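Protein sequence lines correspond, in order, to chains A and U. For what it's worth, full-length UniProt numbering labels the leading residue of the first sequence as 1, then goes sequentially. For what it's worth, full-length UniProt numbering labels the leading residue of the second sequence as 1, then goes sequentially.
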Amino acid sequence: EFRRFSLERSKPGKFEEFYGLLQHVHKIPNVDVLVGYTDIHGDLLPINNDDNYHKAVSTANPLLRIFIQRKEDADYSAFGTDTMTRKKNVLSNVLRPDNHKKKPHIVISMPQDFRPVSSIIDVDILPETHRRVRLYKYGTDKPLGFYIRDGSSVRVTPHGLEKVPGIFISRLVPGGLAQSTGLLAVNDEVLEVNGIEVSGKSLDQVTDMMIANSRNLIITVRPANQRNNVVRNSRTSGSSSQSTESSLPSSTPNILANFLQGEEESDEEDIIIEDSGEPQQIPKAAPTTESLELLTKIELLHESTQNGFLPSSEMNSNHSAGSISMEYEVQDPDHKSLEEDGTIITL
Amino acid sequence: MRRFLRPGHDPLRERLKRDLFQFNKTVEHGFPHQPSALGYSPFLRLMAIGTRSGAIKLYGAPGVEFMGLHEENNTVMQIHFIPDQCQLVTLLDDNSLHLWSLKQHSGASELREEHRFTLKGPPGSPPSATQITAVLPHSSREVLYLGTESGNIFVVELPSFRVLEDRTITSDAVLQRVPEDYCNRRSCELVEALREHPKNPDQILIGYSRGLIVLWDLQNNKVTHHFLGNQQLENLYWQRDGSKFVSCHYDGSYTQWPVSSDNRQPEPLETLVPYGPFPCKAISKIYWQTTKNGLPYIIFQGGMPRASYGDRHSISVVHGSQQTAFDFTSRVIDFFIIFSSEPTAESDDPSAMVVLAEEELVVIDLKTAGWPAVHPPYLASLHCSAITCSHHVSNIPLKLWERIISAGSKQNVHYSNMPWPIDGGTNIAPDPPQRDLLLTGHEDGTVRFWDASGVCLRLLYKLSTVRVFLTDADPNDNMNTLGEDEWPPLRKVGTFDPYSDDPRLGIQKIYLCKYSGYLAVAGTAGQVLVMELNDEDAEHVVDHAEADLLQDQEGYRWKGHEKLKTRDGPVRFEAGFQPFVLVQCQPPAVVTSLALHSEWKLVAFGTSHGFGLFDHQQKRLVFVKCTLHPSDQLALEGPLSRVKSLKKSLRQSFRRIRRSRVSSRKRRGGSGNASEVQEANAKFDQDTLQEMELAPVQRKIEARSAEDSFTGFVRTLYFADTFLRDSSRHCPSLWAGTNGGTVYAFCLRVPPAERRMDEPVRAEQAKEIQLMHRAPVVGILVLDGRSTPLPEPLEVAHDLSKSPDMQGSHQLLVVSEEQLKVFTLPKVSSKLKLKLTALEGCRVRKVTVANFGSCKTDDYSENDLAVLTNLGDIQIISLPFLKLQIRYPCIRKEDVSGIASCVFTKYGQGFYLISPSEFERFSLSTKWLVEPRCIVDMPEVTSNNHVHNKSGMENAVRKS
């Protein structure tokens with residue numbers, strides 16, 4: 001079936017609304033569908049979130065060709081680069097399922113249908129020589145499965161090359177989470193654990209930090225094998241000298257903010273059993289009126305309307321009882337919520 | 001501008017923090033580890049002890065203490081006070097000399113190193129030429145005589161340490177007039193002893209190791225007398241009038257020599273082998289002290305028959321027909337005699353003998369018949385049996401304090417009443433603000449009660465739990481039952497006894513309620529004793545109960561030690577703390593946590609298997625809870641791995657002994673030998689280094705799971721009266737935290753006082769919290785409506801604390817090794833947390849609530865958490881907002897036993913072991929600080945007993 005309707009390009013709205021609109025237009029309110037569109041290169045690309053929806057709308061020239069398929073008999077292989085050119089007629093491919101039977105494909109579900117196991121994050125802010133890997137331990141029975149050791153590495157310092165002690169991955173357990181991701185390897189140097197630099201810390205300290213963060217472990221490594229690095233075109237070649245430095249002090253707060261947002265959702269929730277009943281997750285206490293946090297928040301909103309700008313790291317100075325170093329405050333989980341829900345603040 | 005303020009730099013709070021917190025290591029309590037030298041100044045009445053690590057400690061009257069540390073950390077070999085001065089010289093094993101002095105600085109005396117010096121020979125001479133073996137500070141206070149291995153005696157000026165080369169006494173000069181045949185037989189060899197003539201400062205006695213002794217005239221630079229000894233010399237001692245001296249020898253003999261102007265080469269008056277006729281060990285030091293009644297005291301170290309008593313560490317005192325060989329528990333480092341130093345007195349009249357043994361200080365009263373020991377006010381041997389745990393109780397009520405002292409004094413009847421003879425200096429520290437008790441549990445089943453109020457850690461009372469049990473070695477079997485006519489007349493002295501008959505007796509946990517006098521102690525074999533203070537001896541039956549912590553579990557076998565056997569029938573207990581209840585856990589695993597509630601009369605205890613609650617009023621077990629994970633075999637079977645480690649540790653300790661013997665041997669084996677040893681050592685070090693590089697240490701990174709070992713291990717128990725079920729009714733509750741991050745809360749029903757004996761105490765599990773990070777729970781605390789920690793039991797009843805706020809909402813603080821978390825009560829929801837490990841990689845080892853008072857105003861104080869981490873840092877964390885206030889490095893992170901031994905007080909002080917025998921005391925508070933503060937004044941030089949006195953006086957005047 002073909003349908004044709006118009007959208008206001010300047011106000012595309014949210015993907016959810018668009019999805020609802022499609023279901024309404026096709027009168028299939030309770031059918032799960034996959035939505036795709038052809039981009040300017042003729043590739044069939046999926047629309048499944050706000051970002052790619054907006055991208056699709058913005059690239060419409062002026063017509064946007066949308067394809068929808070029922071989820072259960074969807075052909076995932078249809079998506080991707082060169083899909084339109086490779087298959088002469090994607091349309092026929094999609095619409096005639098009998099073709100499909102001749103070339104059986106392995107059905108791979110969409111990324112959101114998987115539980116993530118690992119990811120490379122913060123590629124845009126890290127030096128090319130570094131890699132930040134996030135291991136999602138929750139929900140899997142797989143052990144993290146790696147070992148670390150002491151070692152030494154060479155650093156570029158103002159005094160020239162210097163040999164400094166470092167922490168390295170010494171072993172990967174076969175079948176473990178670390179090995180199965182393929183993102184970590186023996187002799188990779190560990191630079192940071194969940195945003196905290198490991199330099200100056202002992203092997204035991206780093207071990208304890210990793211175990212304490214084991215439910216949501218983010219390790220920044222300098223891979224021993226530097227040939228598989230993500231190459232970015234945004235950086236000039238002159239950045240190579242910088243990339244050998246272990247720390248990026250100027251950008252550290254950004255880096256932290258970036259992945260801390262994700263941390264809250266995966267942060268452990270303790271379990272309570274009341275009177276031998278069913279185990280339940282312990283809720284977060286709602287801040288009461290005398291709570292310091294709330295006071296801070298109100299003050300913040302007030303300030304932000306005045307100044308229009310208040311960086312997240314500075315807002316902690318309002319904390320009257322606070323006396324912790326800057327580094328500490330930024331990572332304080334209690335303040336993360338401020339960064340997250342205070343959209344006004346970050347505008 | 002706000003954005004430029006660093007977070008946490010609220011200036012008001014910062015100022016307040018300065019008024020509240022301050023870190024100081026204030027004093028070391030106990031007995032110095034590995035003492036190596038002893039010195040005494042009869043003039044200052046101060047004693048000095050040097051150690052193998054280069055520390056030097058001075059002690060006088062109780063409270064008068066000084067400490068210094070040589071930069072080199074080398075062994076202190078000798079200590080010599082400069083006569084009539086506030087100065088002393090130390091000789092280290094690197095052959096360096098150090099001059100220390102006591103100087104007054106802002107109202108108190110301080111010990112400072114003034115100069116250092118290493119004797120250098122002419123170029124090309126062997127190191128032995130200048131290796132110092134004997135030091136004599138001359139009474140003129142201007143020079144030091146330094147005897148060396150080469151036999152030469154160098155003279156250095158004080159305090160500059162300038163060598164006066166023209167005054168060197170060479171061995172050639174000494175040998176000039178020695179008979180030819182004697183000379184041929186033996187060369188001079190090293191200088192063993194240098195002694196100034198007691199009446200004539202121009203004469204010094206020089207003893208060489210091969211036996212030759214000469215009297216040297218300093219004015220004319222020549223030998224006046226030759227004493228041709230034929231035994232290897234150990235030491236010399238002048239008699240008071242200077243007419244005779246005594247030499248003691250390697251073969252266990254001593255010889256008296258006359259000194260008179262008519263005979264320049266006298267024969268010995270008398271040679272005696274006191275413990276002959278069979279071969280004897282050397283007599284390494286001797287005193288010959290005269291008395292008014294004419295009978296001398298002859299006091300000498302060693303000389304025991306080699307074959308049968310060669311292993312004893314003895315000092316013999318002979319006075320007329322009385323003779324006792326004091327038998328020490330460890331090697332004698334050195335000793336001195338306190339005698340009349342009044343120059344006009346005719347005789348020495350010794351009053352006390354002070355002996356520094358390797359593990360303790362023993363003082364013998366020589367004035368009182370029977371020569372009893374004197375109870376030292378300081379330098380207590382904390383480690384007379386190894387310390388297994390400690391517990392501190394602040395602010396003891398006077399009544400309890402007096403009763404403990406009275407119980408202790410009954411134990412100390414065998415001590416002398418003599419006032420402490422080393423009484424130099426004046427203690428000017430303010431009186432301690434309160435009475436504090438430090439209780440130490442020991443491996444032999446004893447608990448020692450120490451007065452920890454001030455600078456001197458003094459033993460008040462010793463409690464033994466052994467009597468309750470039947471052990472292989474009955475404590476009544478006395479090793480000291482020697483017959484009347486036993487020879488040699490050995491008498492054991494000292495308390496050091498590191499050998500435990502039964503390791504199961506070891507004390508692991510102590511809890512004392514200072515208001516009621518109830519004491520609970522728990523030990524290695526799952527025994528829990530509840531005791532009451534009784535001022536009289538009593539004989540009674542100890543009620544006995546068993547707590548089967550594995551109730552519901554089947555088919556497990558405990559492979560660890562057996563439980564202790566108890567005595568049937570009544571047992572006699574001396575005055576003091578007397579047990580009335582014994583609970584034995586089954587399996588008899590070590591008790592890992594203990595809590596006592598003296599108001600509810602309940603005691604809770606936990607092991608690696610679970611925990612239980614016992615009503616010690618009705619003497620009834622209320623409940624037990626097994627915390628074991630079914631798959632945790634290791635915890636079930638007991639400490640099997642210990643067998644292996646015991647074997648290993650035995651082997652290691654033998655090695656240690658062997659090594660220490662090698663190193664303690666006198667350094668006269670020739671320098672060539674020493675350098676070989678050094679070379680070998682270096683090679684060994686290198687080898688081990690290489691080995692380490694080959695097999696790098698690696699650590700496994702794995703999330704903790706419920707199946708890990710020892711998750712059921714109960715780490716902490718806590719009683720609280722709080723809102724457990726609903727916010728309208730509070731009730732007694734018991735909280736338990738495990739190694740696996742689980743917190744159990746039990747609701748208790750304690751009958752009212754009038755029906756306390758009629759109705760049973762009931763308990764019901766109300767909550768179970770599982771921390772998802774599964775780190776061991778090391779502390780549980782309930783904060784009241786004003787966010788103040790709940791008071792201790794009976795604290796409110798004794799009007800020493802405000803009643804807790806039962807109107808507002810209570811909060812629960814759970815401290816795990818990794819995080820601190822605050823939850824609301826009664827509905828548990830998480831409110832705040834502080835992640836320590838995730839951010840800093842440190843783990844909580846000890847945590848306590850401490851009260852900090854401001855040093856500026858009396859009316860401000862606050863409660864904070866004092867936290868010791870596995871890195872040895874101490875952090876102060878605010879309550880209830882869990883903000884880090886300040887951090888101090890305190891203990892080296894490698895010092896695992898130091899960190900494990902740390903105990904905090906309720907007012908921001910603490911103690912930790914720096915060696916098996918010493919507690920370091922530290923303070924986090926600006927207000928509560930216990931540190932030595934004392935003055936040593938130069939006593940007036942009374943008479944002109946010395947020729948050089950005049951110049952000395954001038955010296956003193958110039959100095960002051």
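C-beta atoms are modelled at their ideal positions from N, C-alpha and C, and glycine is treated no differently. Computed from a prediction, not measured in an experiment: that's the story for all the values here.
key: DSSP three-state assignment for TYR499/U, whether helix, strand or coil   = coil
| With which residues is ASP217/U paired in a DSSP beta bridge? | Partner(s): GLN203/U, LYS222/U.
When you compare only the Cα positions, how much space is there between LYS11/A and LEU22/A? 17 Å
| query | Of the choices VAL156/U, SER139/U, PRO137/U, whose alpha-carbon is the least far from that of GLY121/U? | reply | The shortest C-alpha separation from GLY121/U is found at VAL156/U.
Worksheet item: Just checking, does the segment 746 to 758 of chain U make contact with the segment 790 to 809 of chain U on the three C-beta pairs under 8 Å criterion?
Response: no
Less than 8 Å between the beta carbons of PHE911/U and LEU382/U, yes or no?
no
Note to self: On the criterion of 16 or more Cβ atoms from any shown chain inside 10 Å, does TYR499/U qualify as buried, or is it exposed?
What the structure shows: Exposure of TYR499/U is indicated by the presence of fewer than 16 other C-beta atoms within 10 angstroms of its C-beta.
Exposed or buried, which one is LYS57/U when buried takes at least 16 other CB atoms within 10 Å? buried
So the candidates are GLU546/U, ASP311/U, ILE315/U; which of them puts its Cα closest to the Cα of GLY302/U? With respect to the C-alpha of GLY302/U, the residue from GLU546/U, ASP311/U, ILE315/U having the closest C-alpha is ILE315/U.
Beta-carbon spacing of VAL493/U, ALA352/U below 8 Å: The answer is no: Cβ separation not under 8 Å.
So which residues of chain A does ILE153/U contact, with C-beta pairs closer than 8 Å? In chain order: nothing, as chain A lies at least about 52 Å away.
From LEU490/U to ASP327/U, what distance separates their C-alpha atoms? 6 Å
Measure the beta-carbon distance from LEU865/U to LEU879/U and round it to whole angstroms, keeping in mind my assumption that it falls under 8 Å. 6 Å
Return the first residue and the last residue of the alpha helix (DSSP H) that GLU17/A is part of. 15 to 26
*Using a beta-carbon distance below 8 Å, is SER214/A in contact with chain U?*
When Cβ-Cβ separations below 8 Å define contact, SER214/A makes contact with chain U.
I need the straight-line Cα distance from LEU144/U to GLY39/U, nearest angstrom please.
16 Å
If contact means a Cβ-Cβ distance below 8 Å, which residues of the segment 140 to 172 of chain A contact chain U? Within the segment 140 to 172 of chain A, the qualifying residues are PRO143, LEU144, GLY145, PHE146, TYR147, ILE148, ARG149, ASP150, GLY151, SER170, ARG171.
| query | Can you name the residues of chain A whose CB is closer than 7 Å to the CB of LYS831/U? | reply | ALA285
Report task. Please report the residue range of the alpha helix (DSSP H) in which ALA55/U lies. Result -> Premise fails: ALA55/U lies in the beta strand (DSSP E), 55 to 59, not in any alpha helix (DSSP H).
Could you name the residues of the same chain whose beta carbon sits closer than 6 Å to that of LEU161/A, not counting the 5 residues immediately before and after it, in chain order? Closer than 6 Å at the Cβ level, and outside the excluded window around LEU161/A, lie VAL154.
*asked:* Short of 6 Å in beta carbon distance, which residues of its chain neighbour VAL583/U, apart from the five on each side in sequence? Order them along the chain.
replied: Cβ within range, chain order: VAL528, ALA545, ALA547, PHE614.
(Q) Helix, strand or coil, according to DSSP, for GLU165/U in the structure here? (A) If DSSP states are grouped into helix, strand and coil, GLU165/U belongs with the helices.
Practice problem: Using a Cβ-Cβ cut-off of less than 7 Å, give me the residues of the segment 753 to 778 of chain U that come near chain A, in sequence order. | Solution: Correct list: GLN765, ALA766, LYS767, GLU768, ILE769, GLN770, LEU771, MET772, HIS773.
May I have the straight-line CA-CA distance separating LEU460/U from ALA407/U, to the nearest angstrom? 8 Å
Just to confirm my understanding: we take THR168/U, look at its own chain, exclude 5 residues before and 5 after, and list those with CB closer than 8 Å. What are they? ASN152, ILE153, PHE154, VAL155
Any C-beta of chain C under 8 Å from that of GLU269/A: Looking for chain C here will not work: the only protein chains present are A and U.
Is DSSP giving ALA674/U helix, strand or coil here? Its pLDDT being 44, under 50, ALA674/U is placed unreliably by the model, and the measurement read from it follows with that caveat. The answer is helix: DSSP assigns ALA674/U an H, G or I state.
Kindly list, in the order they appear in chain A, the residues whose Cβ is closer than 7 Å to that of GLN698/U.
TYR147, ILE148, ARG149, SER170, ARG171
**Asked** From which residue to which residue does the alpha helix (DSSP H) around MET77/U run?
**Response** First-last for MET77/U: 76 to 81, but that is the beta strand (DSSP E), not the alpha helix (DSSP H).
| task | Report, in whole angstroms, the separation of the C-beta atoms of ALA357/U and VAL317/U, which I expect to be a contact under 8 Å. | result | Actually they do not touch by this definition, with Cβ atoms about 16 Å apart.
Q) Since ALA900/U sits in a beta bridge, which residues does DSSP pair it with? A) Answer is none; ALA900/U lacks a bridge partner.
Checklist entry - Cβ of SER53/U within 7 Å of any heavy atom in the ligand FAD? => result This structure lacks the ligand FAD, and indeed carries no ligand of any kind.
Practice prompt. For my contact list, VAL117/A and THR220/A are in at a C-beta cut-off of 8 Å; report their separation, rounded to the angstrom.
Written response: About 18 Å separates the beta carbons of VAL117/A and THR220/A, which is beyond the 8 Å limit, so they are not a contact pair.
Host beta strand (DSSP E) of ILE271/A (start-end): 271 to 274
Q: Label THR716/U either buried or exposed according to how many other C-beta atoms from any shown protein chain fall within 10 Å of its C-beta, with 16 as the threshold for buried.
A: Here THR716/U is buried, its C-beta having at least 16 other C-beta atoms within 10 Å.
Run through DSSP, which three-state label would LEU400/U get? Looking at LEU400/U - three-state DSSP - the assignment turns out to be helix.
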